[in-house]
Amino acid sequence: MFRGAERIEGGRIDEHGASQLARQLRELDLPMGRLKTGTPARLDGRTIDWSALEEQPSDSEHWTMSFLGGEGRQSLPQLRCAITRTNEHTHAIIRDNLGQSPLFSGDIEGRGPRYCPSIEDKIIRFGDRDGHQVFLEPEGLDTHLVYPNGLSTSLPADVQRAFLRTLPGLAQVEVAVPGYAVEYDHIDPRALDRRLALRAMQGLFLGGQINGTTGYEEAAAQGLLAGANAAAHARDLAPLILDRAESYLGVLVDDLCLQGITEPYRMLTARAEFRLRLRADNAATRLTPVGRELGLLGEERELWWHEREVRREEAVQALGAVVGADILRAAGADMKDDGVKRPLHEWARFPAVTVDHLLEVAPALEEAGDGELLDELIQDAVYAPYVERQNAEVRALRANEAIGLPGDLDYGAIGGLSTEMVERLTLARPETLGAAARIRGITPAALAALLVAIRQHAA
Ligand SMILES: Cc1cc2nc3c(=O)[nH]c(=O)nc-3n(C[C@H](O)[C@H](O)[C@H](O)COP(=O)(O)OP(=O)(O)OC[C@H]3O[C@@H](n4cnc5c(N)ncnc54)[C@H](O)[C@@H]3O)c2cc1C
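End of the sequence shown = 822 in our numbering, gap-free, step of one.
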């Protein structure tokens, strides 16, 4: 960890670094690299002048990630944040002290996360900006600590204090813990297969930051997949393998294992090509059956799923009711009557038709759908024509995924592949022709050569 000229070895707050484990992994002679990240100072919230700042209240909707737990599942009090902003004075202090930042003195070699750069980075890269927004976020219900989101830094502690005090609301601020940068090891995720198992060592599964990803969500998702696959491996059960068309986790693993990384990888919706299928509102519908199949569901979720499937059936039936525009007009929809009768799920695509109109026409919908299920069904109806088009692409994807590439294929011996392609294919060891096609720089001609090689290998 780096802060000005300070160098500290360690792990998460109050934990040791995992140096011994890192040493053992290095001894396995895996392809490894260094990445960096950082964190802002933690401020004493009692020394912030909140009255001078614009408030940012919590979401008024009590939304949670999990569907389980019923009403009122978000039971903790919600706190508000505030916004402040850096200014020319802040930037001048940072610029004057850049020489003391390990990021710019060359002491840190690793690449940092593009989507959460340090304040030093932002000032250099976006030099023309006269300020950067900073959210002041309370860290919890029983602490005075405040996290100034947007001010990650590795400048010396006294410089941090000086530049923080130039921000509105922070003139008297006391720093509880100064910020710092962190450099850490990762392995080249192309050493893993789609189960997140290391090809070089049977039974070792890797998930999280060690695979070169950035954040909490990426780590949690991989932990789930790697954990399920480690259990499946130990018990000789079918593995959990997700593809790009059914989940973001499938996209993440595919990207990591095939392309490797050059900077900390963040899961962005833009990385998925089947975004109309991969919606937040249909996540449970997409993935619960996969988990069920592999025995990954707990009792509560299993019951919830069963009950929801019954309600879905009822709601789908209700949305199938065929009516004319006159009925919708009577329910309050402001539209012309073209004399055509359509099922309600088609009417849902008309901009003039709202959920309230549908509920008025088909009261059974209200009983069947809690808000979430209804939202999902309506999104399904709205996107149906586009989703149908995407489904054709998914069928093509899956056809190519069905053609397996032998694990011991000698790419160097295949005619028609450039040295660079041989290198990329050998590093990534794609498991299918579809996966090979997604490796950067692999051309249609190279795929044709691969197909010939697979046939010869099988013969
Ligand atoms: C300073 C900092 C700020 C960050 N801020 C954010 C943020 O704002 N948002 C965000 O999304 N991400 C952030 N990240 C990234 C995020 O913390 C990580 O990507 C994520 O925690 C990685 O999870 P993980 O499970 O892979 O590893 P870790 O969370 O590091 O977990 C590894 C665990 O393994 C344990 N361990 C190590 N060695 C052994 C051993 N030999 N035996 C047993 N256990 C062992 C460790 O003690 C630790 O508990 C930040 C990271 C850092 C360093």
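Here a beta-carbon is modelled for each residue, glycine too, at the ideal position from N, C-alpha and C.
Residue pairing from DSSP leaves Q742 without any beta-bridge partner. Ligand 1 has a heavy atom closer than 6 Å to the beta-carbon of E378. Runs of alpha helix (DSSP H) with 4 or more residues, each lying fully within the region 703-734, are found at 707-710, 718-724 and 727-731, listed in chain order. Excluding sequence positions up to five before and after I482, its CB lies within less than 6 Å of the CB of L514 and T516, all in the same chain and listed in chain order.
For K399, the secondary structure class from DSSP, reduced to helix, strand or coil, is strand.
Between R405 and L508, the CB-CB gap stays under 7 Å.
Put simply, of L530, D701, A808 and Q535 the residue whose alpha carbon is nearest the alpha carbon of N450 is L530.
Straight across, the Cα-Cα distance linking A589 with R397 is about 22 Å.
Sequence-distant Cβ neighbours of L788 in its own chain, meaning closer than 6 Å and more than five residues away, are Y774. Checking the DSSP bridge columns, you'll see L533 has no partner listed. Distance from the CA of L416 to the CA of G658, rounded to the nearest whole angstrom, comes to 51 Å. Excluding the 5 residues flanking it on each side, T651 has same chain C-beta neighbours closer than 8 Å at L660, R664 and W668, in chain order.
In terms of CA proximity to L603, E656 leads the group N460, E656, G575 and T648. Here the C-alpha atom of Q496 lies approximately 9 Å from the C-alpha atom of N512. Under the DSSP assignment, N460 falls outside any beta strand (DSSP E); it carries neither an H nor an E label.
Under the three-state reduction of DSSP output, H596 falls in the helix class. Counting along the chain, T782 sits inside the alpha helix (DSSP H) bounded by residues T782 to A791. A765 has its Cβ no nearer than 6 Å to any heavy atom of ligand 1.
Secondary structure at F568: strand, using DSSP grouped into helix, strand and coil. Contact holds between the region 683-701 and the region 718-733, because three or more Cβ pairs, one in each stretch, are under 8 Å apart. Measuring C-alpha to C-alpha distances from E794 to each of R752, G767, A811 and A812 identifies G767 as the nearest.
For E424, the closest C-alpha among the options T410, R409, E418 and P440 is that of P440. Nearest to L605 by alpha-carbon distance, out of D719, R598, Q419 and Q585, is Q585. Going by beta carbons, V673 and A696 fall outside the 7 Å limit. If you check the CB distance, C444 and Q419 come in under 7 Å. Boundaries for D493: no alpha helix (DSSP H) harbours it, and the DSSP string shows neither H nor E there.
Your pair G575 and P501 does not check out as a contact, with CB atoms roughly 31 Å apart and the cut at 8 Å. Shown here, N512 sits in a strand according to DSSP, grouped into three states. Under the three-state reduction of DSSP, Y478 is assigned to coil, being neither helix nor strand.
Shortest gap from the CB of G513 to any heavy atom of ligand 1: 6 Å or more. According to the DSSP secondary-structure assignment, Y628 is paired through a beta bridge with T576.
Remark: the shortest separation between the CB of G571 and any heavy atom of ligand 1 falls under 6 Å. Remark: the shortest separation between the CB of L384 and any heavy atom of ligand 1 falls under 6 Å. CA-CA distance, D556 to P541, rounds to 40 Å.
Ranked by how close their Cα comes to the Cα of D505, the residues A525, L442 and N460 have L442 in first place. Counting the other Cβ atoms within 10 Å of the Cβ of Y579 gives fewer than 16, which makes it exposed.
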